[in-house]
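Residue numbers (this note's numbering), protein chains in the order written: chain R, 2 to 512; chain G, 64 to 472; chain F, 15 to 376.
Backbone N, C-alpha and C fix where the C-beta goes; we use that ideal spot for every residue, glycine too.
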Amino acid sequence: MSEEVIPVVSMRGIEKRFPGVLANDRVDFEVRPGEIHALLGENGAGKTTLMNILYGIYQPDGGEILIRGESVVIHSPREAIELGIGMVHQHFRLVTSHSVAENIVLGLPGNLFFPEQAAREKIEEFSDRYNLTVDPEARIWQLSAGEQQRVEIIKALYRGAEILIMDEPTSMLTPGEVEDLFTVLRRMANEGNTIIFISHKLDEVMAVSDRVTVLRQGRVEATLETAQTEKRELARLMVGREVLFRIEKNEIKLGEEVLRIEGLHALNDKGLPAISGVSLRIARGEILGIAGVAGNGQRELVETIAGLRPATGGHIFVSGHEITSRSPREIIEKDVCFVPGERLTALVPEMSVTENLILKTYRDQRFIRGLFFNTREINSHADDLIERYAVTTPTRDTPLKLLSGGNIQRVMLARETSGKPALLIAAHPTSGLDVGAIEYIWQLLLKERERGTAVLLVSEDLEEALTLSDRIAVIFEGELMGIVPSVDTDLEEIGLMMAGAHRLPVPEAGE
Amino acid sequence: MSDKKIWHVIALSLILVMLTAACAPEPVVETVIVPEEVEVEKEVAPTMKACFIYVGPIGDYGWTHAHNEGRLYVEEQFDWLETAYAESVVEADVDRFLDRFVVEEACDVVFTTSFGFMDGTLAAAQKYPDTLFFHCSGFMRAPNLGNYMADFYQVYYLNGLMAGALSQTGKIGYVGAHPIPEVVRHINAFTLGVQEVNPDATVDVRWLFSWYDPAAAREASEALIAAGVDTLAFTEDSPAVVEVGQEYTEAGTPIYTFSHYSPMGDFGPDSAVSGQLVDWGIIYEDVLMKAYLGVYDNSNLQDIDYWYLMREGGAILGARFDEPINPIFEDDLKAVTVTDAFLGEISVYDLIFTRIDQMKDPAMLFDPFSGPIYDQDGNLMIEAGQRASYGELLSIDWFVEGNIGSIPR
Amino acid sequence: MNGFPALEVEKRRTVPRWLQFIAPIISLVLALVAIGIIFQALGIDPLFAYEEIFNGAFGSSYGFSETVVKSIPLMLTGIGLTLAFRARFWNIGAEGQLLIGATCATGLALAFPDWPRWLIMPLMFIIGFIGGALWGIIPALLKARWRVDEVITSLMLVYIASNLVNYLVYGPWKGPEEMGFPYTSKFSEAAQLPRLSWTRIHYPTLIIGIVIAVVIYLLLTRTKWGYEIRVTGENPSAARYAGMSYLKTLLLVMIISGGLAGLAGVGEVAGIHFRLRYPEGISPGYGFTAIIVAWLARLNPIGAVLTSLLLGGLLVGGDAIQISLGLPGATIFVFNGTILLFVLGGDLFARYRIRVKSKTEG
């Protein structure tokens, strides 16, 4: 494309300061009409801040915005919408008890009565044009994440959006849904819409975008034609150094058995069976990966081991002690550490980094002097962990919520692995993190393995599971379909097991 | 006699003279000396401040409303009188208001108008010996603490006569505020009246444990009606019970009600038969006049007990001030007759007015609490030929025969 | 629209310390402005009214002593509530816990009129604490075991406590020499708290309150129990994950919260009334006003000492304007309600920022 084309969006010298953070530092960002433009960067690089400024949620402290060549000041999302800018947030903003059609027209002015017919026609029109199939009558809670996202997109289009900002659109989707989304986005771009695609996932950026702008620490590193770059270069721009995509995994001699699960059963939150007869064993120095499509009992399995969910049948042993349905505290005392998938269930965002670091160990005698906490000891413990795990935080007393996603996860891992666990349960330890952080966490898990920790790794990312694990257990509808070694695996076989179409005889049962 | 007292006596006579003058059709000789004397009087005894502590809101249309009417009345009567008041005073807070009225507001006389203020009033009387205190409906005494009460038991008895005559079901309900002697006495008097006309009738009592709670009063009324009651009397400081009676009557279920404390006739034109009205004004007038003249001082209130009944005009029969009985019920009351040992056969209507005359007679020819009176368990409590004493009436804690329900103990 | 300033609301990433401190003060000032408008509408000079309130509450030694008297139960109850609210346990029933504390102490005082002061007085405080604590742990147990909403249960328990007191003073505990009135007999001299000089300040309770404020502050910030309470309040699932017992934390919180309300009740019967009377006679809603005390203090126990004085002053000063300006008795409730509304609103503005921006272009 040539330079004469007037950019549909042009942000010049944008600056945005938050207390202690320069989120956007003289950012120049241009988007051409009809393109899919990826905004790539690690968590905390300033991508979302920049787009929130474009959408009128934040006001910039400096700089200028031009839309279709005209200088504008966008005070609110309402004004952004008037300019034809729409945004689909990472977390959907839908009223779950209302229907699709109701959500789409919600908040529009001038409707004393519900414009049902008009809405339905419009929805059908968009559905046909962009392949955005969704039932206007369905209630939001009945829809999958992918369908909800389509509702959000239609909502933006219904309001006349020509420039659509998609904030991390794939983070909630299954691989199949991701493909569908890309199809929709490409069609929309072909119809003349402009799409800004915020992501930290290199594969997606390579797959869908026309051009890509890389942000790092609030600054623009480069804007490139996607076709003329490659993953490795983008990763380097994003992280600021070379990134290893191959992980060196040393041979480890397996030690004695740490975790043994026999015929475990548990229910989900709705009281329906979520795990049915799961049996597995993990030895010292071994990583067992649990692979499977999300929602097949992974969460219930790890929660049951951690004592957060009662077992309805079967047994769990750690280092020879039965811990089935014991209290979380008794299980913690058996040196079981747990990194849950939903990080906020294991962290207190309002409290300081230090206070989060002692969440599991605050009862330790060394942290207590008489009736009171031994503040000096606690602080030096925190300083030590912050240094060892390279947590970037202004001070140890900073509220955890002010840290970036990767640093929050470092705090969690520092806490969970520093105590030399016997068993480490890590559920989705890298989800939502950028390349740099992922690499760090992978190294950390391997280091645990070398130290002789038994690791139970749950991941929806099959590549991650294969890279790190010694063996892979595939879970489907709460049952283990089989356990296979991770080297020389037949990917097709694993895929079939994940879909429930193939089952291996369970060798462990007879052992 | 101190100089001050002499002056008060002179002033009293002067005021009496002036009052006579105001009423007299033609000037009396003594008025000639009035002008110069008044000059002197004004300089010596300038003003007096009377303060009132109310337990409820003035707008309650019951107890506090009536007291406030009395305050307004005396304020109108005496140009030397200044008044102040505090409404809705929670009983736990009364000490603070008493202190404030004495210390900050410099009140000469403080009236506390709820039995729950008794402790605090006594303590204040001991703490401030120069101030005069009057406590309504209690019994504690001090040289500068007097007691006063306009009591309704006679009127309740008359209401009871009407209730006994009008009730078709013989089931009568009573919504009571707090189970204290005052209310128990009224319920008993009411029941004595009911049973004089209809010995088989019963009075079912429900307690609210609150002086002012229209919602609870309404609930209790409806519960009683649901239990077959067709006549309601009550002690609660709102017209809620009368309103319920009117609603049911309009809907085709006649419910007879008796208004309480304030003229509630307008809330139940078809339901309110009669009721009790109070005139605190005449008590306040008497107290303040005597305090102003020095008849009452901080040494002689020990035995002052105002106990105003029908004779004194403190208690008045009716749901409206000028109407002892709602005219629409007159015929019904005339139609029912009873046989009295002395009066022979007599209509209830006539009986009521005979009893009023008897009770107003200086010799008090009749009192509702005349024996023999039995309690709920059939024990003889007041023997034949005896009347309940003032002390017994003030501390009565048992129900007469014919009452359903109990006094918590 | 051009040229008009536009208001924008955005969330603050952090709430600066100075703002946390100053927000309630600003809220208070704004509340006074709003109430001033009401006064103006009623034809009363608001400045004069505030002067009256201030003088009534703090201007004279008498007024100030009454303010302190009022603040004692508010302080004890308010401190307990800061703890409960830190754990996000909405104890609305402090009023009931206060009444039970008063009842227990009364029972003891009536049962042992011969005991000397050094024995009966501490025992009255102890049993009052235990009574309030037992009343407080009922909603905690119901919540931890069966997830019953504590707002409902703690509130219902107020009515039960209230009826219990009614039953006792009208029934078995009615003093024989009280001529049928619903009072218990007066406590023995030994069971009456000493007062400061001519005032009604029962200073032992006041001292207990101030000491407890410091103790609770240390408990909350310097001990593992306080840490458990804070984690439970901020994120109950993280507390469970860390092996903290929800039940144990709630019990601890409610034993203290209910117990302190119970102490407040002991102070009222032993320091003010010297007997039990019906509930409205013991507490004009201290347990509810203490909720405002705790919030105004931003759930800081030491702050609650100051805010209880402030609220006590408002209540006492409120009498002054009722009497001298002839305002309806309900005025002071409007007053308190407005203040609470503004304080809660101020909390919002501390966490969000408003920016005024005029359009210069477009």
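R472 (chain R) bridges to which residues according to DSSP?
-> Along the first sequence, read from residue 1 onward, the residue named residue 472 (chain R) stands at position 471. DSSP lists R:L289 and R:P486 as partners of R472 (chain R).
Count the other CB atoms, across all protein chains shown, that sit within 10 Å of the CB of Q118 (chain R); report buried if there are 16 or more and exposed otherwise.
-> Locating residue 118 (chain R) in the first sequence gives position 117, where the first residue counts as 1. The residue is exposed, with fewer than 16 neighbouring Cβ atoms inside 10 Å.
Along chain F, in chain order, which residues have C-beta atoms closer than 9 Å to that of S452 (chain G)?
-> Along the second sequence, one-based indexing puts residue 452 (chain G) at 389. Within chain F, no residue comes near S452 (chain G); the closest Cβ sits about 13 Å away, beyond 9 Å.
Pull up the CB-CB distance for D435 (chain R) and E125 (chain R), whole angstroms please, since I reckon it's below 8 Å.
-> Here the question's residue 435 (chain R) lines up with position 434 in the first sequence. Here the question's residue 125 (chain R) lines up with position 124 in the first sequence. Wrong, their Cβ atoms sit about 39 Å apart, outside the cutoff.
Pull up the DSSP beta-bridge partners for V364 (chain R), would you.
-> In the first sequence, residue 364 (chain R) corresponds to position 363, counting from 1. Per the sequence presented here, residue 364 (chain R) reads as Arg, with Val not at that position. Per DSSP, none; premise fails for R364 (chain R).
Mind listing which residues of the region 55-87 of chain F have their C-beta closer than 7 Å to chain G's C-betas, in chain order?
-> Y76 and E80
Look at the alpha carbon of Y231 (chain F) and the alpha carbon of E388 (chain R), and state the distance between them as a whole number of angstroms.
-> Locating residue 231 (chain F) in the third sequence gives position 217, counting from the first residue. Locating residue 388 (chain R) in the first sequence gives position 387, counting from the first residue. If I take the Cα positions, the gap works out to 31 Å.
Consult DSSP for L144 (chain R) and reduce its assignment to one of helix, strand or coil.
-> Counting from 1 along the first sequence, the entry for residue 144 (chain R) is found at position 143. In the structure shown, L144 (chain R) sits in coil (DSSP, three-state: anything other than H, G, I, E or B).
Starting from the beta carbon of A344 (chain F), find every residue of chain G whose beta carbon is closer than 8 Å, and list them in chain order.
-> Numbered from 1 along the third sequence, position 330 holds the residue referred to as residue 344 (chain F). Those are P120 and S151, listed as they occur along chain G.
DSSP three-state assignment for E446 (chain G), whether helix, strand or coil | Translated into the one-based positions of the second sequence, residue 446 (chain G) becomes position 383. E446 (chain G): coil per DSSP, three-state reduction.
Residue range of the alpha helix (DSSP H) that includes T321 (chain F) | By one-based count along the third sequence, residue 321 (chain F) stands at place 307. Segment P315 to L339, the alpha helix (DSSP H) holding T321 (chain F).
From R:V209, R:A208, R:E205 and R:H201, pick the residue whose C-alpha is nearest to that of V215 (chain R); which is it?
-> Your numbering for residue 215 (chain R) matches position 214 in the first sequence. Selected option, being the one with the closest Cα: R:H201.
Can you find a C-beta in chain R that's less than 8 Å from the C-beta of L362 (chain F)?
-> Along the third sequence, read from residue 1 onward, the residue named residue 362 (chain F) stands at position 348. It does not; no Cβ of chain R falls within 8 Å.
List the endpoints of the continuous alpha helix (DSSP H) containing A289 (chain G).
-> Here residue 289 (chain G) corresponds to residue number 226 of the second sequence, with the count starting at 1. Element bounds for A289 (chain G): P277 to A289.
For V240 (chain R) versus I166 (chain R), is the C-beta distance shorter than 8 Å?
-> Reading the first sequence from its first residue, position 239 is the one you call residue 240 (chain R). Reading the first sequence from its first residue, position 165 is the one you call residue 166 (chain R). Cβ atoms of V240 (chain R) and I166 (chain R): not closer than 8 Å.
Verify the CB distance criterion: does T96 (chain F) have a CB-CB separation below 8 Å to chain R?
-> As a first step, residue 96 (chain F) is located in the third sequence; it is residue number 82 there, counting from the start. Chain R contact via Cβ: absent.
Can we say the region 404-414 of chain G touches the region 244-257 of chain G, given the rule of at least three CB pairs closer than 8 Å?
-> With fewer than three CB-CB distances shorter than 8 Å, the region 404-414 of chain G does not count as touching the region 244-257 of chain G.
Since R212 (chain R) sits in a beta bridge, which residues does DSSP pair it with?
-> Reading the first sequence from its first residue, position 211 is the one you call residue 212 (chain R). Answer by DSSP bridge pairing, in chain order: R:H38 and R:E226.
C-beta atoms of V283 (chain F) and A116 (chain F) nearer than 8 Å | Stepping through the third sequence from its first residue, residue 283 (chain F) is reached at position 269. Stepping through the third sequence from its first residue, residue 116 (chain F) is reached at position 102. Yes, the Cβ-Cβ distance between V283 (chain F) and A116 (chain F) is below 8 Å.
When R:E222, R:I484 and R:F93 are compared against A46 (chain R), the one with the closest alpha-carbon | Residue numbering aside, residue 46 (chain R) sits at position 45 when the first sequence is read from its first letter. Measuring from the Cα of A46 (chain R), the nearest candidate turns out to be R:E222.
Could you pull out every residue in the same chain whose Cβ sits closer than 7 Å to the Cβ of K84 (chain F), ignoring the five residues on either side in sequence?
-> Locating residue 84 (chain F) in the third sequence gives position 70, where the first residue counts as 1. Correct list, in chain order: G326, L329 and V330.
Using three-state DSSP, classify V96 (chain R) as helix, strand or coil.
-> Here residue 96 (chain R) corresponds to residue number 95 of the first sequence, with the count starting at 1. V96 (chain R): coil per DSSP, three-state reduction.
Compare the C-beta of V166 (chain G) against all C-beta atoms of chain F and say whether one is closer than 8 Å.
-> Counting from 1 along the second sequence, the entry for residue 166 (chain G) is found at position 103. Cβ-Cβ to chain F under 8 Å: yes for V166 (chain G).
Take the Cβ of V10 (chain R) as the centre, count every other Cβ of all protein chains shown within 10 Å, and call the residue buried at 16 or more, exposed below.
-> In the first sequence, counting from the first residue as 1, residue 10 (chain R) sits at position 9. V10 (chain R) is buried by the Cβ-count criterion.
So, using beta-carbon positions, are A307 (chain R) and I332 (chain R) closer together than 8 Å?
-> For this step, residue 307 (chain R) is matched to residue 306 along the first sequence. For this step, residue 332 (chain R) is matched to residue 331 along the first sequence. In contact: A307 (chain R) and I332 (chain R) (Cβ atoms closer than 8 Å).
Return the CA-CA distance between D162 (chain G) and A187 (chain G), expressed in angstroms with no decimal places.
-> Indexing the second sequence from 1 puts residue 162 (chain G) at position 99. Indexing the second sequence from 1 puts residue 187 (chain G) at position 124. The alpha-carbon atoms of D162 (chain G) and A187 (chain G) are separated by roughly 7 Å.
Within 8 Å, strictly: CB atoms of G92 (chain F) and S322 (chain F) = Here residue 92 (chain F) is taken as the residue at index 78 of the third sequence, counted from 1. Here residue 322 (chain F) is taken as the residue at index 308 of the third sequence, counted from 1. Contact: yes.
For Q339 (chain G): DSSP bridge partner residues = Against the second sequence, residue 339 (chain G) aligns to sequence position 276. Answer is G:H323 and G:L380.
How about G257 (chain F): is its C-beta nearer than 8 Å to some C-beta of chain R?
-> Stepping through the third sequence from its first residue, residue 257 (chain F) is reached at position 243. Yes, contact with chain R.
What separation, rounded to the nearest whole angstrom, lies between the Cα atoms of L265 (chain R) and L401 (chain R)?
-> Counted from its first residue, the first sequence places residue 265 (chain R) at position 264. Counted from its first residue, the first sequence places residue 401 (chain R) at position 400. Each residue's alpha carbon lies about 36 Å from the other.
Kindly provide the ranges of any beta strand (DSSP E) runs that are 3 or more residues long and lie completely inside the region 174-239 of chain G, ordered along the chain.
-> 195-199, 208-213 and 234-239
Do I114 (chain F) and A123 (chain F) come within 8 Å of each other at the CB atom, strictly closer than that value?
-> If you number the third sequence from 1, residue 123 (chain F) lands on position 109. If you number the third sequence from 1, residue 114 (chain F) lands on position 100. Going by C-beta atoms, A123 (chain F) is not nearer than 8 Å to I114 (chain F).
Any C-beta of chain F under 8 Å from that of T346 (chain R) = What you label residue 346 (chain R) is simply residue 345 of the first sequence in a count that begins at 1. At least one chain F Cβ lies under 8 Å of T346 (chain R).
Closest residue to R94 (chain R) among R:L84, R:I409, R:L107 and R:L469 (Cα-Cα distance) = The residue given as residue 94 (chain R) occupies position 93 in the first sequence. Among R:L84, R:I409, R:L107 and R:L469, the Cα nearest to that of R94 (chain R) belongs to R:L107.
In chain order, which beta strand (DSSP E) runs of at least 3 residues are fully inside the region 411-451 of chain R?
-> 424-428
I345 (chain G) versus G:I467, G:W370, G:I391 and G:D395, residue with shortest Cα-Cα distance | Within the second sequence, the letter at position 282 stands for residue 345 (chain G). Nearest C-alpha to I345 (chain G): G:W370.
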